[in-house]
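In what follows, a single structure is set out as structure tokens and then discussed.
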Amino acid sequence: PLMLTAQNPPLMGWSSWNTYGYQINDSVLKAQADAMVDLGFKDCGYDHINIDDGFFGGRAKDGKLLIHPTRFPLGLRPLVDYIHSKGLKFGMYSCAGYLTCAGYPGSYGYEWVDAQTFAEWEIDFLKYDYCFHPISVRPDIMYKRMSLALANCGRDIVFSACSWGSAHTR
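Using the working numbering, you'd call the opening residue of the sequence shown number -10 and step up by one each time.
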């Protein structure tokens, strides 16, 4: 098991959900990254900027996730590059269900495509929620599907399963 030590501290950072919900855009995330660095939070170990639900723009015909065109007019990759240029890590959100909690496309059935897309976008962290999920598949299986896809996507991505304690996952 992973042990917290001075060399392996807990992940610390900022997440968009509690302040912005699904009304998030690239300007807010850039401003937050600037503030984390300018106010010295990065020097104290706060190194993650995490975008939560609300940035999706559907799926392309090949199944790849699309980014909301108005909120992120240049796409997600320039934002990730900007945050990385500040010495910060970029985290994002997806869901084990058909839809995310805010009603955008979930990863169920697209785990391998999404994991590869996340690697191409060079994300560092994935919060994986549990809304609109199929009742016929055990929650631990749904989390293991994405975990396996991430383990094989060619990039180290920290995986955080979020089921609010209700799914009894192990």
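Ideal placement from N, C-alpha and C gives every residue a C-beta, glycine not left out.
Per the DSSP secondary-structure output, valine 147 pairs in a beta bridge with Phe114.
In the DSSP assignment, phenylalanine 107 falls outside any beta strand (DSSP E) and within the unbroken alpha helix (DSSP H) covering 100 to 109. By the criterion of a C-beta distance shorter than 7 angstroms, glycine 46 is surrounded in its chain by Leu55, Ile56, His57 and Pro58, once the five residues flanking it on both sides are discounted. Taken in chain order, the complete alpha helix (DSSP H) segments of 4 or more residues contained in the segment 44 to 92 are 66 to 74.
Serine 136: member of the alpha helix (DSSP H) spanning 128 to 140, first to last residue. Tyrosine 97 and arginine 134 have their C-alpha atoms spaced approximately 9 angstroms apart. Judged by DSSP in its simplified three-state form, serine 4 adopts strand. Cα atoms of tyrosine 132 and cysteine 142: separation of roughly 15 angstroms, rounded to the nearest angstrom. Under DSSP, proline 94 forms a beta bridge with Leu88. Judged by beta-carbon spacing, tyrosine 117 lies within the 7 angstroms limit of serine 83, meaning their Cβ atoms are closer than that value. Closest by C-alpha distance to valine 147, out of Val126, Val102, Met81 and Phe121, is Met81. Here threonine -6 is exposed, its C-beta having fewer than 16 other C-beta atoms within 10 Å. No Cβ-Cβ contact shorter than 7 angstroms links asparagine 39 with serine 16. The segment 7 to 22 makes contact with the segment 60 to 78; the number of CB pairs closer than 8 angstroms reaches 3 or more. Alanine 140 is positioned such that its CB atom lies no closer than 7 angstroms to that of tyrosine 119.
Sixteen is the threshold: when 16 or more other Cβ atoms of the shown chains lie within 10 Å of the Cβ of valine 69, as they do, the residue is buried.
From the listed residues Gln12, Phe121, Arg60 and Leu18, the smallest Cα separation to cysteine 90 is found for Phe121. With fewer than 16 other Cβ atoms from the protein chains shown falling within 10 Å of its own Cβ, aspartate 51 counts as exposed.
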